[in-house]
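Asker:
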Amino acid sequence: MKAPETWDPPKIDPEIVLKYDRPGPRYTSYPTAPHFHERFTCEDRIRAIRRSNEIAPPAPLSLYFHIPFCSSLCRFCGCSVHRTKDRGISESYVDALLAELSSLGNLLGKGRKLEQLHWGGGTPTFIPAGLLGKLHDAVFDSFETGASPEIGIELDPRELGESHFEFLERSRFNRFSIGIQDFDPRVQEAVHRAQDEKATVSVFERLRKLDRASLSVDLMYGLPLQTARSFSSTIGKVIGMAPDRVAVFNFAYIPEQLPHQRTIDAGLLPSPAEKLEILGMVIGELTSAGYVCIGMDHFARPGDELAAALKEGTLHRNFQGYTTKGGCDLFGVGATSISQFSNVYSQNIKDAPRYIEAAVSGRSTVMRGIELTGEDLLRRDVINGLMCRSEVRKNEIEEKHGIEFDMFFKNELENLAPMEKDGLVSLSRYKLEVKPLGRLLVRNIAMVFDAYLNRAGCKASFSRTV
Ligand SMILES: C[S@@+](CC[C@H](N)C(=O)[O-])C[C@H]1O[C@@H](n2cnc3c(N)ncnc32)[C@H](O)[C@@H]1O
Ligand code: SF4
43 MKAPETWDPP KIDPEIVLKY DRPGPRYTSY PTAPHFHERF TCEDRIRAIR RSNEIAPPAP
103 LSLYFHIPFC SSLCRFCGCS VHRTKDRGIS ESYVDALLAE LSSLGNLLGK GRKLEQLHWG
163 GGTPTFIPAG LLGKLHDAVF DSFETGASPE IGIELDPREL GESHFEFLER SRFNRFSIGI
223 QDFDPRVQEA VHRAQDEKAT VSVFERLRKL DRASLSVDLM YGLPLQTARS FSSTIGKVIG
283 MAPDRVAVFN FAYIPEQLPH QRTIDAGLLP SPAEKLEILG MVIGELTSAG YVCIGMDHFA
343 RPGDELAAAL KEGTLHRNFQ GYTTKGGCDL FGVGATSISQ FSNVYSQNIK DAPRYIEAAV
403 SGRSTVMRGI ELTGEDLLRR DVINGLMCRS EVRKNEIEEK HGIEFDMFFK NELENLAPME
463 KDGLVSLSRY KLEVKPLGRL LVRNIAMVFD AYLNRAGCKA SFSRTV
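Heads up: the sequence shown is residues 43 to 508, going by the working numbering.
#1: Would the beta-carbon of Asn390 fall within 8 Å of that of Ser379?
#2: Going by beta-carbon coordinates alone, are Thr507 and Arg485 separated by less than 8 Å?
#3: Rounding to the nearest angstrom, what Cα-Cα distance links Lys155 and Ser145 in this structure?
#4: Can you give me the C-alpha to C-alpha distance between Leu420 and His124, rounded to a whole angstrom?
#5: Is Ile325 near Pro51, with beta carbons less than 8 Å apart?
#6: Comparing alpha-carbon positions, which option in Ser244, Lys367 and Gly203 lies nearest Ile222?
#7: Beta carbon of Asp224: closer than 7 Å to some heavy atom of ligand 2?
#8: Please report the residue range of the beta strand (DSSP E) in which Met409 lies.
#9: Could you check where the alpha helix (DSSP H) with Val172 kicks off and where it finishes?
#10: Considering only residues of the same chain and omitting the five flanking positions on each side of Met489, which have a CB-CB separation below 7 Å?
#11: Measure the Cβ-Cβ separation of Tyr106 and Gly188 and say whether it is below 8 Å.
#12: Is it right to say His79 is buried, meaning 16 or more other beta carbons lie within 10 angstroms of its own, or is it exposed?
#13: Give the secondary structure of Pro46 by DSSP, where H, G and I count as helix, E and B as strand, and everything else as coil.
#14: Note down, in chain order, each residue of its chain lying with its Cβ closer than 7 Å to the Cβ of Ile193, except the 5 sequence neighbours on either side.
#15: Report yes if the C-beta distance between Ala493 and Glu417 is below 8 Å; otherwise report no.
#16: What residue does the beta strand (DSSP E) around Asn292 start on, and which one ends it?
#17: Which residue's Cα is closest to the Cα of Thr305: Lys53, Pro110, Leu115 and Arg254?
#18: If you measure from the CB of Thr165, is any heavy atom of ligand 1 nearer than 7 Å?
#19: What's the gap between the Cα of Phe491 and the Cα of Glu454?
#20: I'd like the ranges of any alpha helix (DSSP H) spanning at least 4 consecutive residues and lying wholly in the stretch 394–475.
#21: If you draw a straight line from the alpha carbon of Asp525 to that of Phe118, how long is it in whole angstroms?
#22: Are Arg250 and Leu257 close, meaning C-beta to C-beta below 8 Å?
#23: Use the C-beta contact count for Asn148: other C-beta atoms within 10 angstroms, 16 or more gives buried, fewer gives exposed.
#24: Measuring straight from C-alpha to C-alpha, what distance separates Ser272 and Arg68?
#25: So Gly175 and Phe209 are in contact, right, with Cβ under 8 Å, and what is the actual spacing, rounded?
#26: Please give the ranges of any alpha helix (DSSP H) in the stretch 190–215, keeping only runs that are unbroken, at least 4 residues long and fully inside the region.
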């Protein structure tokens, strides 16, 4: 069900928004990854997979392959990366992925169809094209695909050789996410990511010629030396390239957790007020060019599936961000990858060499995870409603979880009162609605429902919400 305002870009009131600038999760999962624990083991995961096989009809599959390698590290990077110039590691890594895929295939019941496949990183094309081809073919030999599978890959234009193009041409990939971040050479230098503009545009045009479903571009705001004026030039160039989707990520700056981010000169970072000005410019320019705000950081053309899902109320969120394939069981393959299925999250060993060793010798690759309680599932539904549909209908939650909404969430509703006064949410007898301004601060609104965050002793560190 579409809430009419979800199409409207918000009017930003800096005085209100800046009041809410604080560290908070991005809610690609609930409970968030810092609350996964090592008491969750491989046996728990196997039991959960067997449970998922018994559901009729079985959920379709989404497979995520994590390829963590990068030959040089961008100073801002918040992804799970293994820096190395030694391409020799590719072969043993692909062997490990194939071993994990094969044991997953043996555990999953017959007839489970692949609806979504995503290769992310790191930089998937760090791996030579021949090995990528071997992995690609093994996936499609192992699983039958559904009617319209989404098959996506993250591409760094600086790491795409001729053989990679040949691989992409013959592959089944129909979605490409292309990393740009910022075309400004001064910003690129400050983040240690030299990326020639002409070469990037030419890679983009070549990918377009492959004539596949969707091209998406990744940008980032909040990087050193960025201003609304300077970044507006990058946005203009990207609009000129006409991608189907644009992700403009809010730079997650967590130097206390990510030592390489400490190499950024903090004095060069835009202030929260400047970041807000940049965000206002981004929203204004992209929506004027016809893009729709999908949710946190994401924009799409009105004809794109994400925009349609937003309109229909069928948008979901997982570790890759927003998705239209919400009903899938998600299995992460590779170092550090996270699976989400049945009522569990399970995460693999983070260190790539240790992951390879475990996978190829047939030992458990599980590092930690969590089995969700009834209350976790309830709170996750509320948080997903806020993040993906900008509303939570009390009767739907009550029917699904057997609670009385206003009673169960008495404290949370009280804590939302100041947000209602600030125009972030509206509370009624029937539903809780996120207003256009609240969509910019939806992490703050979701945080009200996060029982782990609000527990004494929670030491997890998160990036700031503005
Ligand atoms: C996993 S990276 C892979 C992309 C590819 N390696 C590249 O750099 O082109 C996907 C995207 O995450 C985003 N990203 C990386 N670090 C981030 C951070 N600290 N905060 C927010 N977004 C970040 C960037 O926009 C990047 O393109
Ligand atoms: S942004 Fe991409 S290329 Fe840069 S370090 Fe992160 S994963 Fe590697």
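Note that the Cβ used here is the ideal one computed from N, Cα and C, for glycine as well.
Answerer: According to the structure shown:
#1: One thing to note: Asn390 has its Cβ within 8 Å of the Cβ of Ser379.
#2: Yes, they are a contact pair.
#3: Lys155 and Ser145: Cα-Cα distance of roughly 17 Å.
#4: Between Leu420 and His124, the C-alpha separation is close to 36 Å.
#5: For Ile325 and Pro51, yes; Cβs fall inside 8 Å.
#6: Minimum Cα distance to Ile222 is reached at Ser244.
#7: Not under cutoff, so the answer is no.
#8: For Met409, the enclosing beta strand (DSSP E) has its first and last residue at Val408 to Glu413.
#9: Inspection of the sequence shows that residue 172 is occupied by Gly rather than by Val. Membership of Gly172 in the alpha helix (DSSP H) is indicated by the continuous run Ala171 to Ser184.
#10: Counting only Cβ-Cβ distances below 7 Å, and skipping sequence neighbours, we find Gly66 and Leu495.
#11: When the beta-carbon positions are compared, Tyr106 and Gly188 stay at least 8 Å from each other.
#12: Per the 10 Å Cβ criterion, exposed.
#13: The pLDDT assigned to Pro46 is 40, lower than 50, so where the model puts this residue is not dependable; a value taken from the coordinates is nonetheless given after this. In this structure, Pro46 counts as helix in the three-state DSSP scheme.
#14: Setting aside the 5 residues that flank it on each side, Ile193 is surrounded in the same chain by Leu159, Arg214, Phe215, Asn216 and Arg217, each with a C-beta closer than 7 Å to its C-beta; the list follows chain order.
#15: Yes, the pair counts as a contact, with Cβ atoms nearer than the cut-off.
#16: Counting along the chain, the beta strand (DSSP E) containing Asn292 begins and ends at Arg287 to Asn292.
#17: Of the candidates Lys53, Pro110, Leu115 and Arg254, the one whose C-alpha sits nearest the C-alpha of Thr305 is Leu115.
#18: Flag set: Cβ of Thr165 near ligand 1.
#19: Spanning the alpha carbons of Phe491 and Glu454 requires a straight line of approximately 6 Å.
#20: Qualifying alpha helix (DSSP H) stretches, in chain order: 394–402, 416–426, 436–443, 447–450 and 452–463.
#21: Residue 525 is absent from the model: the chain starts at 43 and stops at 508.
#22: Yes, these two residues count as a Cβ contact at 8 Å.
#23: By the neighbour-count criterion, in which a residue is buried when 16 or more other Cβ atoms sit within 10 angstroms of its Cβ, Asn148 is exposed.
#24: For Ser272 and Arg68, the distance between alpha carbons rounds to 26 Å.
#25: Yes, they are in contact, since the Cβ atoms of Gly175 and Phe209 sit about 5 Å apart, within 8 Å.
#26: Listed in chain order, they are 204–212.
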